[in-house]
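Using this note's numbering, read the sequence shown as starting at 3 and increasing by one per residue.
By construction, the Cβ of each residue, glycine as well, lies at the ideal position given by its N, Cα and C atoms.
Please read all numbers here as calculations on a predicted model, not as lab measurements.
Data block below; observations after.
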Amino acid sequence: MFSILILCSQEGQEGWWSYEFCYKKKLRQIHLEDDKVVQEFVLGVYDDEATAAYNQNLSDISTLKDPRSKDASQRYHAHQYTHGTKCDLTNQPRETEVRYVCSEPRAMISSITELSTCKYALTVQGPMLCKHP
3 MFSILILCSQ EGQEGWWSYE FCYKKKLRQI HLEDDKVVQE FVLGVYDDEA TAAYNQNLSD
63 ISTLKDPRSK DASQRYHAHQ YTHGTKCDLT NQPRETEVRY VCSEPRAMIS SITELSTCKY
123 ALTVQGPMLC KHP
């Protein structure tokens, strides 16, 4: 379904940090100097079981995330990435929910947000989701 994202994508630089996302593999937060990684945090590794459990708990209405919206751009499909680098503030592994949303014309990382300490949401936009109801 997301064949365009099978390769790793390194984009989404926000100041000091860049992000490397590998579809169904892992998500890293990295700092580069002279094209070399000098600091790295794994924000999660793809977790098939957690993803299946998360998606199994959703009803058709809750997949809209904003139930008032009929707009496809407001809906997303999520994957769970767990078992990242241990967080020094919570003593727990980092984790990320990767959200795939409909957007034309190409696939790209559009945002990353820290929802709570060492728990993140990464949004990936792409046309492949626009074809699904």
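Item to check | Sequence-distant residues of its chain with Cβ nearer than 6 Å to Asp49 (five each side left out) | outcome: Counted from its first residue, the sequence shown places residue 49 at position 47. Taken in chain order, the residues that qualify are Gln82, Thr84.
Next on the checklist: Just verifying my parser: in three-state terms, what is the DSSP assignment at Ala80?
Outcome noted: Stepping through the sequence shown from its first residue, residue 80 is reached at position 78. Note: Ala80 maps to strand in three-state DSSP.
Item to check | Anticipated Cβ contact below 8 Å, Arg96 with Gly46, distance rounded | outcome: Translated into positions along the sequence shown, residue 96 becomes position 94. Translated into positions along the sequence shown, residue 46 becomes position 44. About 6 Å; that satisfies the 8 Å criterion.
Checklist entry - Helix, strand or coil: which one does DSSP assign to Pro95? => result The residue given as residue 95 occupies position 93 in the sequence shown. Correct three-state label for Pro95: strand.
Checklist entry - Which word fits Leu29, buried or exposed, when buried means at least 16 other C-beta atoms lie within 10 angstroms of its C-beta? => result Mapped onto the sequence shown, residue 29 falls at position 27. The residue is buried, with at least 16 neighbouring Cβ atoms inside 10 Å.
Checklist entry - If you count every other CB in all the chains shown that lies within 10 Å of the CB of Val126, and 16 or more means buried, which is it? => result Counting from 1 along the sequence shown, the entry for residue 126 is found at position 124. Flag for Val126 reads buried.
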